[in-house]
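Protein chains in written order, with this note's numbering: chain A, 560 to 803; chain B, 42 to 297.
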């Protein structure tokens, strides 16, 4: 099984069960004005806050090399869109699903790090993002002016997709947003809880000279996933080869 | 053209009313709807927060200490992830009111040298600062701490002094230290005199210092009362003489 095969399947079931809205992004060009590097939105200027540190929040990136599993340009939204939201602060879930190619044991982690920086490279006027990958949390704010000018999840998704597709190893991008309730975001947290652990396992495998698999805290996820087992096997073979 | 951030750092001898002047400046800047202001309380005793009547949730040093603890526990991340985490934590540590974000530096408590952590935090503070039109730093007496813990370059370095020879001497010394040691790069330097009883005092002091006097505040019972009762300077009346003086100084600094 691929690194996130089971998670991807669970996300599909989740989207179906929640019966949210799904549609395709129109166009490939991000036309939203730039914030010219100034994208702090203070609460006084803020129309909506998503996933603040005292609310449920989950955000992660899942990739697959299977072209049939990702519907390029598709947005799924469970809960209200930005302009329809009641209240200033909502729990938030955001999952980016990417179809990639050319990932192998040597390059996967580095490519993940590159993909991870994409969300920080967005420069959309009136949109602020803060995120902690380690805890899979994302906190964003949208200014009153941006909402008045029509900022929506489609605009955000379009900008994200445009940036991801600049990487030559990404062929398709699909995005899920959840704003409906803390419970729905909590369910998504549960589904994706091992995503970060699998990435950490991959990093540990590639960065530590002599990790002890029996003592490793990621032992369970490594045993579960073919791709991680494969990486571990290749690493061990390489080590034996080097040591003669 | 992209807007440039203007940075103002206030320093001076302890007890001369530096924090009250800083608080009055923040109050004046907080009225402006057209600008975003980052106020940094770099005094370990978080005096500016107290003067503004604001209870802070978290200081930069709390973030620093948490990071050091996680590194010691072996939970360190790579540099990019650490920077993003610090950026998240730093924004969460901001107390917001009107157009102002208030950040308290706090007191370092961990033992040992964590220069890399301090450098990362300084980078993040500088990155955050670029998002604001004005950054106002209420510092300790010296400028070294502003450099060490907040930023290396400021636009306006402002000394606060009372009319005592000691206060003015400290201001002169800070200026020389800033110049000789290159502790802080600045574009302009000036002084605000506090607790002035007679305009002649200002003239006399002007003769004994090479620092440009930007303005002066009279000995003011209302400031004393706000200090004494711990009232928020955000409620200080606009029509009071001190408010008008501070407003004029800010206009002269061309904050726009």
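No residue lacks a Cβ here, since even glycine has one placed at the ideal position from N, Cα and C.
Nearest to residue i (by Cα), restricted to the options the options
{"i": "residue 289(B)", "options": "264(B), 254(B), 270(B), 272(B)", "result": "254(B)"}
{"i": "residue 170(B)", "options": "105(B), 80(B), 93(B)", "result": "80(B)"}
{"i": "residue 566(A)", "options": "649(A), 679(A), 753(A)", "result": "753(A)"}
{"i": "residue 617(A)", "options": "765(A), 686(A), 738(A), 732(A)", "result": "738(A)"}
{"i": "residue 564(A)", "options": "627(A), 585(A), 613(A), 709(A)", "result": "627(A)"}
{"i": "residue 613(A)", "options": "133(B), 180(B), 84(B), 280(B)", "result": "133(B)"}
{"i": "residue 712(A)", "options": "633(A), 691(A), 746(A)", "result": "633(A)"}
{"i": "residue 63(B)", "options": "140(B), 44(B), 83(B), 252(B)", "result": "83(B)"}
{"i": "residue 227(B)", "options": "199(B), 195(B), 180(B)", "result": "195(B)"}
{"i": "residue 702(A)", "options": "719(A), 647(A), 749(A), 680(A)", "result": "647(A)"}
{"i": "residue 662(A)", "options": "671(A), 765(A), 655(A), 656(A)", "result": "671(A)"}
{"i": "residue 165(B)", "options": "198(B), 120(B), 180(B)", "result": "120(B)"}
{"i": "residue 685(A)", "options": "674(A), 652(A), 641(A), 631(A)", "result": "641(A)"}
{"i": "residue 652(A)", "options": "735(A), 763(A), 778(A), 716(A)", "result": "735(A)"}
{"i": "residue 86(B)", "options": "163(B), 250(B), 218(B), 180(B)", "result": "180(B)"}
{"i": "residue 629(A)", "options": "793(A), 796(A), 720(A)", "result": "720(A)"}
{"i": "residue 142(B)", "options": "207(B), 97(B), 61(B)", "result": "97(B)"}
{"i": "residue 573(A)", "options": "664(A), 760(A), 732(A), 635(A)", "result": "635(A)"}
{"i": "residue 620(A)", "options": "729(A), 764(A), 780(A), 763(A)", "result": "729(A)"}
{"i": "residue 562(A)", "options": "789(A), 784(A), 655(A)", "result": "784(A)"}
{"i": "residue 650(A)", "options": "568(A), 611(A), 718(A)", "result": "611(A)"}
{"i": "residue 604(A)", "options": "138(B), 56(B), 225(B), 49(B)", "result": "138(B)"}
Pairwise C-alpha distance: residue j and residue i
{"i": "residue 751(A)", "j": "residue 129(B)", "result": "21 Å"}
{"i": "residue 743(A)", "j": "residue 695(A)", "result": "16 Å"}
{"i": "residue 755(A)", "j": "residue 58(B)", "result": "50 Å"}
{"i": "residue 598(A)", "j": "residue 590(A)", "result": "17 Å"}
{"i": "residue 265(B)", "j": "residue 78(B)", "result": "26 Å"}
{"i": "residue 258(B)", "j": "residue 74(B)", "result": "26 Å"}
{"i": "residue 42(B)", "j": "residue 596(A)", "result": "Since pLDDT at residue 42(B) reaches only 46, below the 50 mark, its modelled position is unreliable, and the value read off the structure follows with that caveat. Approximately 12 Å between the Cα atoms of the pair."}
{"i": "residue 178(B)", "j": "residue 688(A)", "result": "25 Å"}
{"i": "residue 95(B)", "j": "residue 659(A)", "result": "49 Å"}
{"i": "residue 645(A)", "j": "residue 700(A)", "result": "15 Å"}
{"i": "residue 122(B)", "j": "residue 260(B)", "result": "50 Å"}
{"i": "residue 111(B)", "j": "residue 239(B)", "result": "56 Å"}
{"i": "residue 109(B)", "j": "residue 158(B)", "result": "8 Å"}
{"i": "residue 747(A)", "j": "residue 580(A)", "result": "17 Å"}
{"i": "residue 291(B)", "j": "residue 199(B)", "result": "12 Å"}
{"i": "residue 201(B)", "j": "residue 51(B)", "result": "7 Å"}
{"i": "residue 774(A)", "j": "residue 221(B)", "result": "56 Å"}
{"i": "residue 786(A)", "j": "residue 726(A)", "result": "22 Å"}
{"i": "residue 707(A)", "j": "residue 140(B)", "result": "19 Å"}
{"i": "residue 601(A)", "j": "residue 67(B)", "result": "16 Å"}
{"i": "residue 45(B)", "j": "residue 217(B)", "result": "27 Å"}
{"i": "residue 76(B)", "j": "residue 70(B)", "result": "8 Å"}
{"i": "residue 758(A)", "j": "residue 716(A)", "result": "24 Å"}
{"i": "residue 764(A)", "j": "residue 657(A)", "result": "23 Å"}
{"i": "residue 89(B)", "j": "residue 61(B)", "result": "8 Å"}
{"i": "residue 278(B)", "j": "residue 710(A)", "result": "39 Å"}
{"i": "residue 269(B)", "j": "residue 275(B)", "result": "15 Å"}
{"i": "residue 104(B)", "j": "residue 145(B)", "result": "11 Å"}
{"i": "residue 761(A)", "j": "residue 592(A)", "result": "38 Å"}
{"i": "residue 624(A)", "j": "residue 778(A)", "result": "24 Å"}
Contact set between residue i and chain A, taken where Cβ atoms lie within less than 7 Å
{"i": "residue 126(B)", "result": "691, 693"}
{"i": "residue 122(B)", "result": "692, 693"}
Closer than 8 Å at the beta carbon, the chain A residues around residue i
{"i": "residue 171(B)", "result": "596, 597"}
Contacts that residue i makes with chain A (C-beta to C-beta distance below 9 Å)
{"i": "residue 86(B)", "result": "The premise fails here: residue 86(B) is roughly 26 Å from chain A at the closest Cβ pair, so nothing lies under 9 Å."}
{"i": "residue 118(B)", "result": "692, 693"}
Cross-chain neighbours of residue i in chain B, by beta carbon under 7 Å
{"i": "residue 686(A)", "result": "Here the premise fails: no neighbours, minimum Cβ distance about 13 Å."}
{"i": "residue 602(A)", "result": "137"}
{"i": "residue 612(A)", "result": "133"}
{"i": "residue 698(A)", "result": "129"}
Amino acids of chain B, ordered along the chain, whose beta-carbon sits closer than 8 Å to that of residue i
{"i": "residue 676(A)", "result": "121"}
{"i": "residue 679(A)", "result": "125"}
{"i": "residue 508(A)", "result": "The displayed coordinates of chain A run from 560 to 803. Any statement about residue 508(A) would go beyond what the structure contains."}
At what residue ranges does the region 110-171 of chain B contain a whole run of the alpha helix (DSSP H), taking only runs of 4 or more?
List check, alpha helix (DSSP H) in window: 120-134, 156-170.
Check distances from the C-beta atoms of the region 129-163 of chain B to those of chain A and list, in chain order, the residues that come in under 7 Å.
Answer set for the region 129-163 of chain B: 129, 132, 133, 137, 139, 140, 142.
Chain-ordered residues of the region 264-275 of chain B with a beta carbon less than 7 Å from chain A:
Taking 7 Å as the cut-off between beta carbons, none of the residues of the region 264-275 of chain B comes near chain A.
Taking a cut of 9 Å between CB atoms, which residues from the region 725-758 of chain A lie near chain B?
Listed by position along the chain: nothing, the set is empty.
Hey, which unbroken runs of the alpha helix (DSSP H) at 4 residues or more fall wholly within the region 706-782 of chain A?
You should have 712-723, 741-766.
Compile a chain-ordered list of the residues in the region 56-87 of chain B whose CB is closer than 8 Å to at least one CB of chain A.
Considering only beta carbons, the part of the region 56-87 of chain B lying closer than 8 Å to chain A consists of 77, in chain order.
Could you give the uninterrupted runs of the alpha helix (DSSP H) lying entirely in the region 247-278 of chain B, keeping only those of 4 residues or more?
Listed in chain order, they are 262-270.
Please list the segments of the beta strand (DSSP E) lying wholly inside the region 187-217 of chain B, counting only runs of 3 or more residues, in order along the chain.
With a minimum length of 3 residues, the continuous beta strand (DSSP E) runs that stay inside the region 187-217 of chain B are 194-202.
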